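> So the sequence shown is numbered by the working numbering: it starts at 5 and just counts up by one. I'd like to ask you about the structure that follows.
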Amino acid sequence: MGGAALICLAPVPAAAHATGQSFIALLPTGPYMAVGVIIVALSILLFWFLPHRSVGRLLPSRDLGPIAAPPLFRAVSSFVFFLLFCWLLSRGFSGTRDPLENPLVLGFWVVFWMASPMVQGFLFDLWGWMSPWRWLVAPLSAAVPRPPLALPPRLGVWPAVLLLLAFSMFTLADPAPDDPARLASVGFAYSAVTITGMVLCGPGRWLRQVEIFSVVMAHFGRLAPLARRGRRVRVGWPGWQLAHGARGARGIPVFILVLLGTGSFDGFNETFVWLDLIGVNPLAFPGRSAVVMPVVGGLVAANLLLVSLFTALLFTGDRLVAGPGRVGDLLAVFAPTILPIALAYHAAHYLPSLLVNGQYVLVALNDPFGSGGDWLGLEGFHVTTGFFKHRESMRLIWLSQAAIIVFGHVLAVILAHANAAQAYGGIRRAFTAGLPLAMFMILYTWLGLWLLAAPKGG
């Protein structure tokens with residue numbers, strides 16, 4: 005069956021879920037969705053015939069030598085980005101009220117939240133260079149060698165899980181997350197809490213266990229082909245860093261699942277289906293302030309459902325092969341394998357918005373201080389959305405999104421199978437134990453492609 009692929013674009017980055025004009029293009033999405041699901045299903049079946057000795061070579065990597073930049077360079081870059089962040093906050097308080105022109109709104113929602121995770125996950129550790137907090141680690145560690153309120157390791161990243169949910173609520177449910185002054189106030193408060201926490205609890209621990217953007221970027225960075233190991237750099241297939249199933253801190257599996265759950269709900273919460281569930285006419289959207297509680301409730305429910313379902317499927321698969329049934333160990337092994345799906349959802353969901361809002365970023369960079377400058381030679385440039393009105397360009401956009409979704413799921417299948425083979429000691433046991441998870445990935449592929457094609461409003 006053909007489907008209606010509707011792209012709902014907000015000209016305002018943060019409010020890309022409620023305030024934008026809709027662009028509708030009718031495309032035969034049904035066949036494309038079927039092909040995507042079949043590709044993922046076939047990739048699962050392929051592993052039944054894969055020799056056990058080949059599993060460890062699914063995601064190879066190689067050493068490029070001691071070519072990583074010295075830590076000092078990264079610290080200087082971090083300090084520069086800290087100064088840039090301070091300037092952006094000042095522009096949020098005192099600059100233009102227009103979110104399409106204010107550098108804080110464009111810098112945070114478009115450049116940072118939309119684009120930088122894609123670079124982090126698809127290329128290299130960008131966050132190691134642009135984190136505005138990283139430069140503080142060395143001086144604070146020297147000044148306060150024994151933090152008065154050191155975070156216990158057993159706490160894990162559970163504080164980051166709660167902060168990720170809070171940030172998602174701000175993104176999806178706050179009436180005006182794109183208002184420059186409001187965003188600047190939140191950014192200033194968060195910065196104050198972060199620096200205070202680094203002083204009181206230790207800078208390294210705080211960044212690893214509490215600061216959500218550092219935790220998000222650290223995990224997306226594990227998917228990147230390029231990775232630094234001290235002064236050495238390794239390059240490999242996407243996801244090679246996850247192919248060994250290393251156990252992380254407490255709460256990391258839930259953090260990863262919440263990352264996927266919030267991304268999925270981000271797309272679902274724009275659909276006509278969701279708006280109908282909460283009794284809202286998608287053609288007469290009453291505004292974000294009218295749906296705050298339904299969105300918050302839906303976000304929490306979606307994440308609880310995903311965590312519960314994922315855990316139940318892992319336990320069921322483990323029982324199929326009479327495994328030990330230790331849920332914590334199962335989550336530690338298999339939850340990281342869904343990181344490619346979370347990154348794919350992020351990239352596919354924000355791709356249309358980047359095509360428009362990226363143009364506003366270029367316009368802002370052309371005259372960053374509002375002084376009439378023409379730094380990039382773009383004087384007279386006008387932002388366009390014309391490519392959403394042509395069938396061929398819309399087809400290319402939708403197929404690009406679909407390809408990202410399918411690639412993310414196939415990579416997740418490879419990682420899950422590699423980790424299962426190590427955990428269960430053989431192809432057949434791994435395949436059997438992974439059957440419930442395989443069905444989950446097939447259905448989630450369909451869900452992701454359906455979210456791209458489903459009519460959206462608001």
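C-beta: ideal position from N, C-alpha, C; glycine also. Every value quoted in this text rests on a predicted model; they were computed, and no experiment measured them.
Quick check: the region 404 to 423 against the region 290 to 302, are at least 3 beta-carbon pairs closer than 8 Å?
Between the region 290 to 302 and the region 404 to 423 there are fewer than three C-beta pairs closer than 8 Å, too few to call the two in contact.
> May I ask you to verify whether the region 151 to 162 touches the region 196 to 207, counting CB pairs closer than 8 Å and requiring at least 3?
yes
> With a threshold of 16 other CB atoms inside 10 Å of the CB of residue 411, please say whether the residue is buried or exposed.
Numbered from its first residue, the sequence shown carries residue 411 at position 407. When all chains shown are included, residue 411 counts as buried.
> Between which two residues does the alpha helix (DSSP H) harbouring residue 317 extend?
For this step, residue 317 is matched to residue 313 along the sequence shown. Note, residue 317: alpha helix (DSSP H), 296 to 324.
> On a Cα-Cα basis, can you pick out the residue from 162, 234, 356 that is closest to residue 260?
Position 256 of the sequence shown, counting from 1, holds the residue named residue 260. Nearest option by C-alpha distance: 162.
> In the DSSP output, what is residue 275 paired with across the bridge?
Taking the first residue of the sequence shown as 1, we reach residue 275 at position 271. Partner(s): 460.
> Would you list the residues sitting across from residue 419 in a DSSP beta bridge?
Sequence index remark: in the sequence shown, residue 419 carries index 415 (1-based). Paired residue(s): none; residue 419 is not in a bridge.
> Could you pull the start and end residues of the beta strand (DSSP E) that residue 67 belongs to?
For the purposes of this step, residue 67 is identified with residue 63 of the sequence shown, where counting begins at 1. Residue 67 -> beta strand (DSSP E) spans 65 to 69.
> Roughly how many whole angstroms lie between the Cα atoms of residue 177 and residue 113?
Within the sequence shown, numbered from 1, the residue matching residue 177 stands at position 173. Within the sequence shown, numbered from 1, the residue matching residue 113 stands at position 109. Spanning the two alpha carbons is a distance of roughly 15 Å.
> According to DSSP, is residue 288 part of a helix, a strand, or is it coil?
By one-based count along the sequence shown, residue 288 stands at place 284. Helix.
> Near residue 48, what residues of its chain come up, given a Cβ to Cβ distance below 6 Å and the 5 sequence neighbours on each side ignored?
Your numbering for residue 48 matches position 44 in the sequence shown. Same-chain partners within the cutoff: 417, 442.
> Can you grab the Cα-Cα spacing for the pair residue 175 / residue 238, in whole Å?
Translated into the one-based positions of the sequence shown, residue 175 becomes position 171. Translated into the one-based positions of the sequence shown, residue 238 becomes position 234. Using only the alpha carbons, I get a separation of about 35 Å.
> Can you have a look at residue 309 and say buried or exposed, based on whether 16 or more other CB atoms are within 10 angstroms of its CB?
Taking the first residue of the sequence shown as 1, we reach residue 309 at position 305. By the 10 Å Cβ count, residue 309 comes out exposed.
> Would you kindly report the start and end of the unbroken beta strand (DSSP E) that includes residue 230?
For the purposes of this step, residue 230 is taken as residue 226 along the sequence shown, with counting starting at 1. That run of the beta strand (DSSP E) goes 230 to 233.
> When the Cα atoms are used, what is the spatial distance from residue 98 to residue 304?
Residue numbering aside, residue 98 sits at position 94 when the sequence shown is read from its first letter. Residue numbering aside, residue 304 sits at position 300 when the sequence shown is read from its first letter. Taking the straight line joining both Cα atoms gives about 35 Å.
> Assess, as a yes-or-no matter, whether the region 370 to 380 is touched by the region 280 to 290 under the definition of 3 or more beta carbon pairs within less than 8 Å.
no
> Compute the distance between the beta-carbons of residue 407 and residue 456, then report whether it is under 8 Å.
As a first step, residue 407 must be located in the sequence shown, where it is residue number 403. As a first step, residue 456 must be located in the sequence shown, where it is residue number 452. Cβ atoms of residue 407 and residue 456: not closer than 8 Å.
> Do you know how far the Cα of residue 179 is from the Cα of residue 107?
As a working note, residue 107 is residue 103 in the sequence shown. As a working note, residue 179 is residue 175 in the sequence shown. Answer to the nearest angstrom: the Cα atoms are 20 Å apart.
> Which of the three DSSP states is assigned to residue 390 in this structure?
Here residue 390 refers to the residue found at position 386 when the sequence shown is read from its first residue. Residue 390: helix per DSSP, three-state reduction.
> Which residue comes first and which comes last in the alpha helix (DSSP H) that contains residue 543?
One cannot answer for residue 543 here, as it falls past the ends of the chain, which runs 5 to 462.
> So, helix, strand or coil for residue 40, using DSSP?
Against the sequence shown, residue 40 aligns to sequence position 36. If DSSP states are grouped into helix, strand and coil, residue 40 belongs with the helices.
> Nearest to residue 61 by alpha carbon, out of 246, 328, 329?
Walking along the sequence shown from the start, residue 61 turns up at place 57. Considering only alpha carbons, the answer is 246.
> Would you be able to state if there are at least three C-beta pairs under 8 Å between the region 133 to 145 and the region 74 to 85?
yes
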